Each structure stands twice: as structure tokens, then as C-alpha cells.
Amino acid sequence: MLHWEARWGDHGKVALPLSPEERVVRVAVDGTQAVILSDKGAILELDSDEMLISDVETPWHVTDVALHSGVLLVLTEEGNVYIRPLEGGTFNEVIVRQA
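Numbers -8 to 90, taken from this note's numbering, label the letters of the sequence shown in order.
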């Protein structure tokens, strides 16, 4: 996992390590943690306590993200949902069963 140090400037700005053509499409917040999703499927994790921004690698094209109680949830282009602890580890698929 790559890490960038987020430096809070005089005007409270933080540079995100996205390409110039990428746009932020979702921001999910849980306490001091946040996850940012770009329109290209890149996921950035921000820890305001540590002032670190990390990229989250996945083998899928992610279309949406959510955070809940320290758990990162991702929705893929194929409609699958995966979860993992925000601090890292392996993604596990969520099996959705219809009644």
C-alpha cells in the first residue's frame, strides 16, 4: 500500500493523489476516517488523526463506497459487494440472498 503524507496548508487544502482527469464522485466519513472514490474507480483512504492518505487496491472496478463502524464496503460494477476492515486486510464478498 502506498502512503502520501497529507500536509494541511495555510488555507486548509490537501492535495489528493488523483490524475488531473479524475473527479471525486463519493466521500464516505466515519469518525476521523474517510474514503474518497474517483470516477475512475480509485479509492483513497484518509486518516485525519495520522494525516495520511493511502490508496486502496482492489481487483474490481468500484462504483460506490461506504463506511460503517470501521468497515469499508465497496460496490463493484458487476453488482457485487465486498467488505474489509478499514485498517486493511482481505476483502470478503457479501452474499446477498433474496427471500
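C-beta atoms are modelled at their ideal positions from N, C-alpha and C, and glycine is treated no differently. Predicted model only: the values in this text are computed from it and were never measured.
Presumed contact (8 angstroms Cβ cut-off) between residue i and residue j, rounded CB distance
{"i": "A19", "j": "L37", "result": "Contact flag wrong, Cβ pair sits at about 10 angstroms."}
Local Cβ density within 10 Å of residue i, reported as buried at 16 or more and exposed below that
{"i": "L34", "result": "The question names Leu, yet the displayed sequence has Ile at residue 34. Classification of I34: buried, given that the 10 Å Cβ count is 16 or more."}
{"i": "I86", "result": "exposed"}
{"i": "R43", "result": "The question names Arg, yet the displayed sequence has Leu at residue 43. Exposed: under 16 other Cβ atoms inside 10 Å."}
{"i": "V91", "result": "Outside the modelled stretch of the chain, which goes from -8 to 90, sits residue 91, for which no answer is possible."}
From the options, residue whose alpha carbon lies closest to that of residue i
{"i": "L77", "options": "R88, G70, H59", "result": "H59"}
{"i": "G61", "options": "E69, G79, V53", "result": "G79"}
{"i": "D21", "options": "V53, A57, P11, E12", "result": "A57"}
Residue j beta carbon less than 9 angstroms from that of residue i
{"i": "D55", "j": "L63", "result": "no"}
{"i": "S39", "j": "T23", "result": "yes"}
Nonlocal neighbours in the same chain, by C-beta distance under 6 angstroms from residue i, ignoring five residues either side
{"i": "W51", "result": "T67"}
{"i": "Y73", "result": "V65, F82, E84"}
7 angstroms CB neighbourhood of residue i in its chain, flanking five on each side removed
{"i": "N71", "result": "E84"}
{"i": "T81", "result": "R75"}
{"i": "V16", "result": "L28, S29, D30"}
Chain-order list of residues whose beta-carbon lies under 8 angstroms from that of residue i (same chain, five-residue window excluded)
{"i": "R96", "result": "The chain is shown only over -8 to 90; residue 96 falls outside these bounds and no answer can be derived."}
{"i": "E69", "result": "W51"}
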